[in-house]
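Peer 1: Counting the sequence shown from 1 gives a position; this note's numbering is that position plus 170.
Below you will find the structure I want to go over with you.
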Amino acid sequence: MFKSYRERLRLKSDRAAEQDESYGQTISVLWSFAITAAVIGLYFLVYLNWSSLPTALTTSDQAGNPGRFIAQVAKENLVTLTSNGPRVGGGQTNEVFTVNFLRSTIERIIAEANPAHKFELEVQQQRGSMLFDYISYPMTSAYQGVQNVLVKISPASGPEPQHYLMLSSHFDSVAQSPGAGDDGTMTVVMLEILRQLSLDSTAYQHGVVFVFNGFEENGLQGAHAFVQHPWWDRVRTFINMDVAANGGREIMFQAGPYYSFLMEYYRDYVKHPFCTALAEELFQADLVPSETDYFVYTKVGGRPGMDFAHSTWGYLYHTQYDAIDTIPMETLQHTGDNILGLTRALANAPELENMKEHSYGKAVFFDFLNWFLVYYPDWAGIAINTIMAMLGIGLIFGSFDIMASNNDVTYGRIVAQFFINFGVQLLSIAVGIGFSILMAVIMNAAGGAMSWFTEVWLISGLYMCPFIICTVLGPVLLIMFYKVEDVLLQTRIMLFLMAQQMIFIVIMIVMTGMEIRSAYIFAIVVIFFNASTIVNMIIRFKQFHWIYVHLIGQIIPIAYFSSFSLTVFSTFIPMQNRGNAESNPDMLIALFAVVIGLMITTFLTPLVAMMRKPFVYFGFVVAFWAISIIVSATSVGFPYRAETSPQRYYVFHLDRNFYEFDGRLRKSDSHFYIHPQDVFSPATIMDTVPEMARATQLGDECDRELYCGIPFYQSGYHARRNVAWWLPAEKPDLKPKVTLEFVGKTAIDADLTRYEFVTQGPSHMSFYVSPLEGFYLHEWSFSSEVPRSGVRWKGQNVHFVNFVHGIDYSPLHFWVVILHPGGKPLTEPSLILNVVGQYMNNEEPRTAEFQQFVDHFPDYAHVVAYPSYLESRVF
């Protein structure tokens, strides 16, 4: 017979007293502060490990370290490489000085090489075109005279290898940036790797090709040029190296695709692993606003490979502060050690002999605290996640039997309490996410966005604390107001933890079903909670002992996600001032904060409900949140700092000329055009730059003129037209002049007319080809197929061409064929053609007025400023 409720309570109380008089009792709130301090302490220990780099080797260490990468040699090469200013494609510094420097350095390496190797050195010059099929703004990239410095190392004896490994980096830089980091760092790393390979006494099985790419920044033209080179046919895989930050360690963020054996070599031969499949998925989902040459080599060239980049704290990326003194030798040593070891291994890899046999699909990969690599194929990830989910669910419901016995209640009673806790925990998380997102909306609306941009610690207060507040409050309120006499307090807390485990399991299974490899991050917490649950089941959740087991089980997940958070925030925080000026940057950061909070804190916050005076800790978290809000509203929360975390401005001195169909000049004017980069552009200069008193937004100019009549550097810049500003200015004196010669038009048949042109100008040009309404672009000389239109203007299609030249300054001949309605005479207008010149090379002078305008910008602003020309014709 069932015992009475009163008798069961008495027996349970007696058993509890026999086992441990503190069973089921609350604990001091000091536990919450001790656990918080332990988590923070662990975070800082992880930070010390995360930021540590190997000791840099100098030339005096060479004798004792044969075959090792020597950072000092790379640094000395970097000093020379950056000594002549920015290396903008098409300019003398890039096309002459840098090419000569690379050639002479490589020639010295060859002269000192071991006779086991032979070398081929070539400066490639190439023309071509390719399409970037962006969603709203497809862009055709055309080029001529692009230079790549190529060198191949192969065995001195025997037949020529049939299979090559390629290493690639680019040596050009953006306008007004010394480019010591991007991509000078990887250029000199490649030079030192070449030197070390050349000194090896044994030849490698495969050829190794080094591609020093001369035109990446404008649109990956250098990589596309090499894909057309004869050596490309024998390239089987590649290592691409780029930079989006200064210093730190390089992350391997793309591998393959579908050749997971590359990760096996990374695992076995890289000394200091730093990688994650999550980075690959974020990059390939276009959440990172850039592309690397990896895109060309894989999408256009059809080769698998690996993509590396420095990405931590990239505040100085593409700025004037990307200088030699920001690149520590330890960074060069770290990257050199890793890539040199990987290169030597792949240069002898048998897999290169038949790549098709080793196409096994994608892989799940991540490093643990940069100590070792965890890697397994994606099919194994599905199996692991499924098994761990089933085990986790089994352990949860298996634990209920022990809990029922400990509480002397039925199994169903525990199950019922579990689902109540599950609902509360799920609601707490949902409200916490909503609260954090609401904070991001409020901060942006109140003008407090990006207060964390320099003072990163504010993220924890502004966006992690609201989430923690909610996940603490839910369990505390349930315990406080929903009294359960027959289930002990510690059991109720255990059920909250089981509920959180179930939430993680559900998320993991959903992500696995969607073939998202990043589900591994949830597998980590599930696996370690499973492990601690097994131990607790063995000790039958003995009073208080289970807490210690649970906390010990959280050490490794917290350590991993501390490192994970450092990687995520150091990568994405600096990106928030070089993207969409119309978006809310706090939203993404708040979401990342919530994810980190979810992974680190939600197995800890339910413990607060077990403590005496839980609202003391709750008040502490609320106070830190409030303090963070107050600090964000002070000067400390101002986002930018001179030289360390600058604001970015793009300012173009426009010279615009519009012509009628009959050739008459319709309009000619000049402006300073401010292209926005973040939510505070141009708000931060409205009161500090006196010329901004004359500034206005574009208004209806975008209705009057094709693509606003602005000489956009890239077609996507048109998307920011609603937040762009300009002000009248004097005409610039532009040299060389942009010339457009209309050669003539020829009727191909009744509906097709061919228009031929010759143009010449600076190294960076663009063309907007827009047939009038009712007319269509049928063919053109830039590609075999006409790409789809970008955002239309007044019902007209708009086709954008970005054209650059390197060392070849000859005029560009091009033609377009327009399809027009039958019976239309050739004398009627059918086409608008805008020709654009970008005078971005550092050799281009500014007018006194333009220089004065730039000089008035605050010291925390990095201003990219150069003249631009637009000529609009109707044909």
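C-beta atoms are modelled at their ideal positions from N, C-alpha and C, and glycine is treated no differently.
1) When DSSP builds the beta bridges, which residues end up paired with Ile988?
2) Which one of Ile704, Val765 and Ser753 has the shortest CA to CA distance from Ile728?
3) Measuring CB to CB, does Gly417 end up less than 7 angstroms from Thr501?
4) Tell me the DSSP secondary structure of Trp622 in three-state form.
5) Considering only residues of the stretch 627-691, which uninterrupted alpha helix (DSSP H) runs meet the minimum length of 4 residues and lie entirely inside it, listed in chain order?
6) I need the straight-line Cα distance from Thr206 to Met684, nearest angstrom please.
7) According to DSSP, simplified to helix, strand and coil, what is Thr814?
8) By a C-beta neighbour count over all protein chains shown, 10 Å radius and 16 as the cutoff for buried, is Gly914 buried or exposed?
9) For the alpha helix (DSSP H) that Lys245 lies in, which residues bound it at each end?
10) Along the chain, which unbroken stretches of the alpha helix (DSSP H) at least 4 residues long are found entirely within the stretch 443-519?
11) Distance check for His841 and Arg891, CA to CA, integer angstroms please.
12) In its own chain, which residues sit with a C-beta less than 6 angstroms from the C-beta of Pro498, not counting the 5 before and 5 after it?
13) Are there 16 or more other CB atoms within 10 angstroms of the CB of Leu117, so buried, or fewer, so exposed?
14) Nearest by alpha-carbon distance to Val544: which of Asn518, Ser688 and Tyr428 is it?
15) For Ala803, which residues from the same chain have a beta carbon less than 7 angstroms from its beta carbon, with the 5 sequence-adjacent residues on both sides left out?
16) Tell me the DSSP secondary structure of Gln724 in three-state form.
17) What is the DSSP secondary structure of Gly377, reduced to helix, strand or coil?
18) Go through the stretch 859-938 residue by residue and report every complete run of the beta strand (DSSP E) that reaches 3 residues or more, in order.
19) Round the Cβ separation of Asn383 and Asp463 to the nearest angstrom and send it over; I've been treating them as touching at under 8 angstroms.
20) Please go through the same chain and pick out, in chain order, the residues whose beta-carbon is closer than 6 angstroms to the beta-carbon of Gly112, but skip the five residues on each side of it.
21) Determine the DSSP secondary structure at Ile743, reduced to helix, strand or coil.
22) Tell me the rounded alpha-carbon separation between Tyr1030 and Tyr485.
23) Please state whether DSSP places Trp401 in a helix, a strand or coil.
24) What does the Cβ neighbour count give for Ile988, buried or exposed, with the cut at 16 atoms within 10 Å?
25) Pull up the distance between the alpha-carbon of Pro325 and that of Glu911, whole angstroms please.
26) Going by other Cβ atoms of all chains shown within 10 Å of its Cβ, with 16 needed for buried, is Leu667 buried or exposed?
27) Kindly indicate which three-state DSSP category Ala312 falls into: helix, strand or coil?
28) Can you tell me whether DSSP reads Thr407 as helix, strand or coil?
29) What's the gap between the Cα of Glu527 and the Cα of Phe431?
30) Taking the C-alpha atoms as reference points, what is the distance between Leu424 and Gln884?
31) Looking only at its own chain, which residues have a Cβ that is under 6 angstroms from the Cβ of Val579, when we skip the five neighbours before and after it?
32) Which same chain residues end up closer than 7 angstroms to Val585 when comparing Cβ atoms and leaving out the 5 residues on each side of it in sequence?
33) Considering Glu434, what are the terminal residues of the alpha helix (DSSP H) in which it resides?
34) Which of the three DSSP states, helix, strand or coil, is assigned to Arg583?
35) Do you know how far the Cα of Ala447 is from the Cα of Gly531?
36) What are the boundary residues of the alpha helix (DSSP H) that includes Met573?
Peer 2: From the atom records:
1) In the DSSP assignment, the residues bridged to Ile988 are Thr923 and Leu947.
2) Ile728 has its Cα closest to that of Val765, out of Ile704, Val765 and Ser753.
3) Yes, these two residues count as a Cβ contact at 7 angstroms.
4) In the structure shown, Trp622 sits in coil (DSSP, three-state: anything other than H, G, I, E or B).
5) Those alpha helix (DSSP H) runs which fall completely within the stretch 627-691 and span 4+ residues are 635-651 and 659-683.
6) Whole-angstrom Cα-Cα distance: 35 angstroms.
7) DSSP places Thr814 in coil when its eight states are reduced to three.
8) Gly914 comes out exposed.
9) Ala241 to Leu251 is the span of the alpha helix (DSSP H), which, as asked, contains Lys245.
10) Whole alpha helix (DSSP H) segments, 4+ residues: 447-454 and 499-516.
11) The C-alpha of Arg891 lies about 15 angstroms from the C-alpha of His841.
12) Cβ neighbours of Pro498 beyond the five flanking positions: Gly417.
13) Nothing about residue 117 can be read from this structure; the chain reaches only from 171 to 1045.
14) For Val544, the nearest C-alpha among the options comes from Ser688.
15) For Ala803, the CB contacts under 7 angstroms within the same chain, skipping 5 residues up- and downstream, are Gly618 in chain order.
16) DSSP places Gln724 outside both helix and strand once states are collapsed to three, so it counts as coil.
17) In this structure, Gly377 counts as strand in the three-state DSSP scheme.
18) Note on the stretch 859-938: whole beta strand (DSSP E) runs with a minimum of 3 residues are 895-898, 909-919 and 922-930, in chain order.
19) That belief holds up - the Cβ atoms of Asn383 and Asp463 are roughly 6 angstroms apart, short of 8 angstroms.
20) Nothing can be reported for residue 112, as the shown portion of the chain is limited to 171 through 1045.
21) If DSSP states are grouped into helix, strand and coil, Ile743 belongs with coil.
22) Their Cα atoms are separated by approximately 12 angstroms.
23) For Trp401, the secondary structure class from DSSP, reduced to helix, strand or coil, is helix.
24) Buried, since its Cβ has 16 or more Cβ neighbours within 10 Å.
25) So the two alpha carbons sit approximately 52 angstroms from each other.
26) Per the 10 Å Cβ criterion, buried.
27) Secondary structure of Ala312 (DSSP, three-state): strand.
28) Strand, per DSSP.
29) Spanning the two alpha carbons is a distance of roughly 11 angstroms.
30) According to the sequence as given, residue 424 is Gln; it is not Leu. For Gln424 and Gln884, the distance between alpha carbons rounds to 26 angstroms.
31) Within the same chain, Val579 has close Cβ partners Asp656.
32) The residues are Phe570.
33) Counting along the chain, the unbroken alpha helix (DSSP H) around Glu434 starts and ends at Phe431 to Tyr439.
34) Residue state, collapsed to three classes: helix.
35) Straight-line spacing of the CA atoms in Gly531 and Ala447 works out to 13 angstroms.
36) Start and end: Asp548 to Asn577.
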